[in-house]
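Novice: I have a structure I would like to understand better, so I am pasting it below and will then ask my questions one at a time.
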Amino acid sequence: MTDNGYKPELKDALRALRLPVFASEHSALSAMAANEGWTFDRFLLELCQLELVQREQHRRQKLLTASRLPRAKTLLQFDRQRLKRSADQQFAALREGDFLARSENVLVFGPPGSGKTHLLCALGHELIGEGKSVLFSSCVLLVQRLLLAKSELWLERELKRLDKFEALIIDDLGYVQQSREEMEVLFTLLAHRYERRSVLLTSNLVFSEWERIFKDPLTTAAAIDRLVHHSVILELNLPSYRMEAAQQQQSKNNGNGQAAGAADLIEN
Ligand code: ADP
Ligand code: MG
-8 MTDNGYKPEL KDALRALRLP VFASEHSALS AMAANEGWTF DRFLLELCQL ELVQREQHRR
52 QKLLTASRLP RAKTLLQFDR QRLKRSADQQ FAALREGDFL ARSENVLVFG PPGSGKTHLL
112 CALGHELIGE GKSVLFSSCV LLVQRLLLAK SELWLERELK RLDKFEALII DDLGYVQQSR
172 EEMEVLFTLL AHRYERRSVL LTSNLVFSEW ERIFKDPLTT AAAIDRLVHH SVILELNLPS
232 YRMEAAQQQQ SKNNGNGQAA GAADLIEN
């Protein structure tokens, strides 16, 4: 048999070994190897590296799809210059992702429009870049899902499913007034993840207002205690980005730098 006669068998073997890049690239690469006078080792190494690159890309793609992160809210779209120096330094440390192995939490506070959601989404994208698993959800939707799981008696299973994500981003805690039952499942989730997995959350409400979320002082204290114990707290005491953008637009339109009127109506 000529060397070419092995091709069908080789294809089958590579498929069985789940090496699709070997299968698609080995012919082209062996021609290159012959041209360049590569050793067998070099040829094999080049193929392995191509296969690894593609595996990594697939993994990142899968992590991104599973994360439900808004695609546009990346670091590239985020103006870090707006952050105070200390917040920017905290962000720089967080994007390495080491805090996940320590099950530390990230709590982001600030007024509406200050960039809390975008900041955590950008962090989520960076963490996926580091190969970490992330899930983004609004607090309201997450609570609805947990309630449904509870009523169907599979809350424990749902909590275990969430354990698969190293970072759980809960967006807008306390934005909508929720019932006691809704808050109970949220507390169950926070207690379950405590010292097990990281929670990253945003809230417009400072801790002193959290009794409005958790309804009674004991649950509120217990929730704050668990969240804060191992945590990084980022305070974005910044004006609304949307408001600033509207004001800049308006002063451009006026041509005289006087921003007024419409911008004030945009933000509450
Ligand atoms: P919050 O969650 O604090 O209410 P968002 O993160 O939703 O605020 O930000 C409001 C809007 O302003 C979004 O469209 C967001 O992309 C944008 N934004 C906020 N901060 C920045 C920033 N530093 N750089 C770029 N865009 C920003
Ligand atoms: Mg938000």
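At position 268 of the sequence shown (counting the first as 1) the number is 259 in the working numbering, and the numbers step up by one without a gap. Glycine included, C-beta positions come from ideal geometry on N, C-alpha and C.
#1: Which runs of the alpha helix (DSSP H), 4 residues or longer, sit entirely within the region 96 to 142?
#2: When the distance is taken between beta carbons, is I119 closer than 8 Å to L54?
#3: Quick check on L10: does DSSP put it in helix, strand or coil?
#4: Quick check on DSSP: helix, strand or coil for T56?
#5: Tell me which same chain residues have a C-beta within less than 7 Å of the C-beta of E42, skipping the five on either side of it?
#6: Is K107 near the ligand MG, going by C-beta to nearest heavy atom under 7 Å?
#7: Could you give the residue range of the beta strand (DSSP E) that holds A158?
#8: Classify E226 as helix, strand or coil using the three-state DSSP reduction.
#9: Based on the DSSP output, what are the partners of V167 in its beta bridges?
#10: Within its chain, find whatever has a CB closer than 7 Å to the CB of S18; leave out the 5 residues flanking it on each side and keep chain order.
#11: Decide if N244 is buried, meaning its Cβ has at least 16 other Cβ atoms within 10 Å, or exposed.
#12: Leaving out five residues before and five after E95 in sequence, what residues of the same chain have Cβ atoms less than 8 Å from its Cβ?
#13: Nearest-angstrom Cα distance between L60 and H116?
#14: Does the distance from the CB of S58 to the CB of L126 come in under 8 Å?
#15: Taking the continuous alpha helix (DSSP H) assigned at V219, which residues delimit it?
#16: Mapping DSSP to helix, strand and coil, what is G252?
#17: Please identify the residue among G88, Q135, M174 whose C-alpha is closest to the C-alpha of L114.
#18: Along the chain, where does the beta strand (DSSP E) containing L191 start, and where does it finish?
#19: Please look up how many angstroms separate the CB atoms of L229 and R73, rounded, as I've assumed it's under 8 Å.
#20: If you draw a straight line from the alpha carbon of A254 to that of A237, how long is it in whole angstroms?
#21: What's the gap between the Cα of G(-4) and the Cα of F34?
#22: How many whole angstroms separate the CB atoms of F178 and F205, which I take to be in contact at a CB cut-off of 8 Å?
#23: Rounded to whole angstroms, what is the Cα-Cα separation between Q200 and R136?
Specialist: Straight from the coordinates:
#1: Fully enclosed alpha helix (DSSP H) runs of 4 or longer: 107 to 120, 130 to 142.
#2: In this structure, L54 sits near I119, with a CB-CB distance shorter than 8 Å.
#3: Secondary structure at L10: coil, using DSSP grouped into helix, strand and coil.
#4: The answer is helix: DSSP assigns T56 an H, G or I state.
#5: Correct list, in chain order: L10, V12, F13.
#6: Taking 7 Å as the cut-off, one finds at least one heavy atom of the ligand MG near enough to the beta carbon of K107.
#7: Residues 158 to 162.
#8: Here E226 sits in strand by DSSP.
#9: According to DSSP, V167 bridges with nothing at all.
#10: Sequence-distant partners of S18 (beyond 5 residues in either direction) whose C-beta falls short of 7 Å from its own C-beta are missing from its chain.
#11: Result: exposed.
#12: Excluding the 5 residues flanking it on each side, E95 has same chain C-beta neighbours closer than 8 Å at S189, H221, S222, V223, in chain order.
#13: Between the C-alpha atoms of L60 and H116 there is a straight-line separation of about 8 Å.
#14: Taking C-beta atoms as the reference points, S58 and L126 count as a pair closer than 8 Å.
#15: Its alpha helix (DSSP H) spans residues 208 to 220.
#16: Residue placement at G252 cannot be trusted, given a pLDDT of 46 that sits under 50; the coordinates are not used to answer.
#17: Distance from the Cα of L114 is smallest, within the candidate group G88, Q135, M174, for G88.
#18: Counted as a single uninterrupted DSSP element, the beta strand (DSSP E) harbouring L191 occupies residues 189 to 194.
#19: With a Cβ gap of about 6 Å, L229 and R73 count as contacting.
#20: Only weak support exists for where A254 lies, its pLDDT of 46 falling under 50; the value from the coordinates is given anyway. So the alpha carbons of these two residues sit roughly 5 Å apart.
#21: Distance between the alpha carbons of G(-4) and F34: 20 Å.
#22: Contact flag correct, Cβ pair sits at about 7 Å.
#23: Residue identity differs from the one stated: residue 200 is Glu in this sequence, not Gln. Computed Cα separation, rounded: 25 Å.
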